[in-house]
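In what follows, a structure is listed as structure tokens, so that the remarks can point back to it.
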């Protein structure tokens, strides 16, 4: 088991390496630089700026310098926010994004899971049909449509909740953005679990459990749910990617000072190092989640445990 | 497999396809019947005029006084065009990649699929955003960027199917008759992937439309005066306090189209995966 985990961990290294390299050279290949402003700077100042940020070095030198910094845990200086390291900037924006994303992921798993179980218990029943249609709708309505509609309804129309802003720890502020972010994923998880649970409930070992006279609750939760969770678990990686993408929009609509909004701003400002840092962080997050998924697989289904 | 027969056998599929056809016709033909052009400002009307059934503007106007009905339809044209072209790009790349890897097998297969695995783990949406910001926001680039993101699934599925096809007699026959690998892939493998490709095209189309409107929502997609559903939803979201209709109409069109496409994809998959076909 430990050997397997180590092997998987090692295989993440080339992925992250490709990520850094691709992102680095993509940014540098683009026309326009971080210091192209409204007014042209005197050549001496421009040269001094370039030297300060090592932009005058050949590209491969800059690349090696960046990798060297990474190895020491340094993401480099921000080009736009003078005197700040990228690490500091990310650390400042991370809490808001992280609590939003984690909350949405939890909500998606709990609510989506509950809907999926309810639907799978009586497939093609009235409740299944209604919830199934809603789930299909949920998959089809993107975050950036849900978010403004929720604001329109609950903030502007009914006036129950604030339309935006982010005071840490305030539930009222967190409710609408979390729901807006989670909604498509709730629908997705519900559909996934419904499908796999229906299949699991038809399996021979469930018939055996029924024949033993076990209560329905035990059958569903102890016997059928475990294998049925596998597709949901393997969806965790894509779900995280979806939530990260969605958070860019949700943070914009609700005016939340998080990483997603930062990212778009930084890209528009050509703040190379900040963009690189954020892409790297997101990439690492997704790779890490996929690693957890692999480990969970073995925990849930003994047949998938590495020999 | 007879397409028309599948369509007629499944009522929900038929209903969704017909509804989608209505949306398509409306989007394609509608603007010709409107007295306004897509980017025409009605100086006689109000800014953000409310919608009216009897008045000149059925969906009202946007904050610049442009007719929202015709803008919604024009936006639809662009969203659907981007969707269609990007889907074709991603299918072409994905099928070629998957079929080649699956047919050749061995080292090449391992390397090619390892590339797909690595790319899977990357936060691709962010690369698209970076691409859109850094290079000029040309329509062509939107096609390429979105297509480049979306071919991975298709490659995996095409490879899987090719592995099975490779064992079939007609492939052996083709090899015996002296065709080289590329000819076999092109003439014998790819045509046999058609059914699968149709399903994945139907699944990819809504995803791609979603990505385009996501970019446009962030202001990184199509540029004024051109518009798309995502851009219109973005405009509408800014005006929604005073003019909620400017959000609701484009959002309704976008959501309806995505929903119909998802229903069609799902029913098609059910029809083609049904045992005993």
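Chains as they are written, first to last, in my numbering: chain A, 990 to 1296; chain B, 4 to 280. Glycine included, every Cβ here is placed at the ideal spot set by N, Cα and C.
task = Could you say which of 16(B), 17(B) and 27(B) lies nearest to residue 260(B) if we only look at CA atoms?
result = Looking at the Cα atoms, 27(B) is the closest of the given residues.
ask   = Which partner residues of residue 1074(A) appear in the DSSP bridge assignment?
value = Per DSSP, 1066(A).
task = May I ask whether a heavy atom of the ligand GDP can be found less than 6 Å away from the beta carbon of residue 1046(A)?
result = For the ligand GDP, the structure offers nothing, since it holds no ligand at all.
key: Three or more C-beta pairs below 8 Å linking the region 1266-1278 of chain A and the region 1099-1113 of chain A   = Taking one beta carbon from each stretch, the region 1266-1278 of chain A and the region 1099-1113 of chain A have fewer than 3 pairs nearer than 8 Å; the two do not touch.
query = Shorter than 7 Å from the beta carbon of residue 335(B) to some beta carbon of chain A?
reply = An answer regarding residue 335(B) cannot be provided, because it is not within the stretch 4 to 280 covered by chain B.
message = Less than 7 Å between the C-beta atoms of residue 209(B) and residue 166(B), yes or no?
response = Going by C-beta atoms, residue 209(B) is not nearer than 7 Å to residue 166(B).
request  = May I ask you to report which of helix, strand or coil DSSP gives residue 279(B)?
outcome  = Because residue 279(B) sits at a pLDDT of 42, beneath the cut-off of 50, its placement in the model cannot be relied upon, and the following sentence gives the value as read from the coordinates. Coil at residue 279(B), not helix or strand.
inquiry  = Among 1259(A), 1174(A) and 1215(A), whose alpha-carbon lies nearest the alpha-carbon of residue 1185(A)?
reply    = Nearest option by C-alpha distance: 1215(A).
query = Between the region 174-189 of chain B and the region 238-250 of chain B, do three or more beta carbon pairs fall short of 8 Å?
reply = No: fewer than three Cβ pairs fall under 8 Å.
Check whether residue 1224(A) and residue 1181(A) have beta carbons under 7 Å apart = Result yes, Cβ atoms of residue 1224(A) and residue 1181(A) sit closer than 7 Å.
ask   = If you measure from the beta carbon of residue 1234(A) to each beta carbon in chain B, is any gap under 7 Å?
value = Residue 1234(A) counts as touching chain B.
request  = Determine the chain A residues that contact residue 252(B) at a beta-carbon separation under 9 Å, and present them in chain order.
outcome  = Under the 9 Å cutoff, chain A gives no residues; its nearest Cβ is about 12 Å from residue 252(B).
task = With a threshold of 16 other CB atoms inside 10 Å of the CB of residue 279(B), please say whether the residue is buried or exposed.
result = Residue placement at residue 279(B) is poorly supported in this model, since its pLDDT is 42, which falls under 50; the coordinates are not used for a value here.
request  = Assign residue 1251(A) to buried or exposed, taking buried as 16 or more other Cβ atoms, counted over all protein chains shown, within 10 Å of its Cβ.
outcome  = Within 10 angstroms of the beta-carbon of residue 1251(A) lie 16 or more other beta-carbons, which makes it buried.
inquiry  = Let's test the definition: count the other Cβ atoms within 10 Å of the Cβ of residue 250(B) and tell me whether it reaches 16, buried, or not, exposed.
reply    = Looking at its Cβ environment, which holds 16 or more other Cβ atoms inside 10 Å, residue 250(B) is buried.
ask   = When the Cα atoms are used, what is the spatial distance from residue 161(B) to residue 172(B)?
value = One Cα belongs to residue 161(B), the other to residue 172(B), and the distance between them is close to 19 Å.
ask   = So the alpha helix (DSSP H) residue 1273(A) belongs to, where does it begin and stop?
value = 1261-1289 is the span of the alpha helix (DSSP H), which, as asked, contains residue 1273(A).
request  = Could you check which residue in 273(B), 267(B), 271(B) and 275(B) has the C-alpha nearest to that of residue 24(B)?
outcome  = Among 273(B), 267(B), 271(B) and 275(B), the Cα nearest to that of residue 24(B) belongs to 267(B).
Integer-rounded CB distance, given that residue 1243(A) should sit under 8 Å from residue 1165(A) = About 7 Å; that satisfies the 8 Å criterion.
ask   = Would residue 119(B) count as contacting chain A if we go by Cβ distances under 7 Å?
value = It does not: the Cβ of residue 119(B) has no partner Cβ on chain A nearer than 7 Å.
ask   = Counting pairs of Cβ atoms below 8 Å between the region 1192-1212 of chain A and the region 1283-1291 of chain A, do you hit three or more?
value = The region 1192-1212 of chain A makes no contact with the region 1283-1291 of chain A; the number of CB pairs closer than 8 Å stays below 3.
query = Can you give the Cα-Cα distance for residue 1179(A) and residue 1199(A), rounded to whole angstroms?
reply = Their Cα atoms are separated by approximately 25 Å.
ask   = Is the Cβ of residue 1127(A) closer than 7 Å to any Cβ of chain B?
value = No - not a single Cβ of chain B is within 7 Å of the one on residue 1127(A).
query = Mapping DSSP to helix, strand and coil, what is residue 1224(A)?
reply = In this structure, residue 1224(A) counts as coil in the three-state DSSP scheme.
task = Compute the Euclidean distance between the alpha carbons of residue 1(B) and residue 133(B), then round it to the nearest angstrom.
result = There is simply no residue 1(B) to check, as chain B begins at 4 and stops at 280 in what is shown.
request  = Using only alpha-carbon positions, find the residue among 273(B), 79(B) and 75(B) that is nearest to residue 199(B).
outcome  = Ranking 273(B), 79(B) and 75(B) by Cα distance to residue 199(B) puts 273(B) first.
request  = Hey, could you find the ends of the alpha helix (DSSP H) residue 226(B) is sitting in?
outcome  = First-last for residue 226(B): undefined, no H or E at that position.
Buried or exposed by the 16-neighbour rule on C-beta atoms within 10 Å, applied to residue 1006(A) = With fewer than 16 other Cβ atoms within 10 Å, it is exposed.
query = So, is the C-beta of residue 1173(A) closer than 7 Å to a C-beta in chain B?
reply = It does not: the Cβ of residue 1173(A) has no partner Cβ on chain B nearer than 7 Å.
key: Minimum Cβ-Cβ distance from residue 1135(A) to chain B less than 7 Å   = Contact with chain B is absent for residue 1135(A), since none of that chain's Cβ atoms lies less than 7 Å from the residue's Cβ.
query = Are the region 148-155 of chain B and the region 190-197 of chain B in contact at 8 Å, needing three or more beta carbon pairs?
reply = With fewer than three CB-CB distances shorter than 8 Å, the region 148-155 of chain B does not count as touching the region 190-197 of chain B.
task = Taking residue 1073(A) as the query, report the chain B residues whose CB atoms sit under 7 Å from its CB, ordered along the chain.
result = What residue 1073(A) touches in chain B: nothing, since even the nearest Cβ is about 21 Å away.
inquiry  = Does the contact criterion of 3 or more C-beta pairs under 8 Å hold for the region 1254-1274 of chain A versus the region 1056-1064 of chain A?
reply    = These segments touch.
message = Excluding the 5 residues flanking residue 1176(A) on each side, which residues of the same chain have their C-beta closer than 6 Å to its C-beta?
response = Excluding sequence neighbours, residue 1176(A) sits near 1124, 1127 and 1128.
message = At a CB distance below 9 Å, what residues from the region 158-175 of chain B approach chain A? Give them in sequence order.
response = Of all residues in the region 158-175 of chain B, none has a Cβ within less than 9 Å of some Cβ in chain A.
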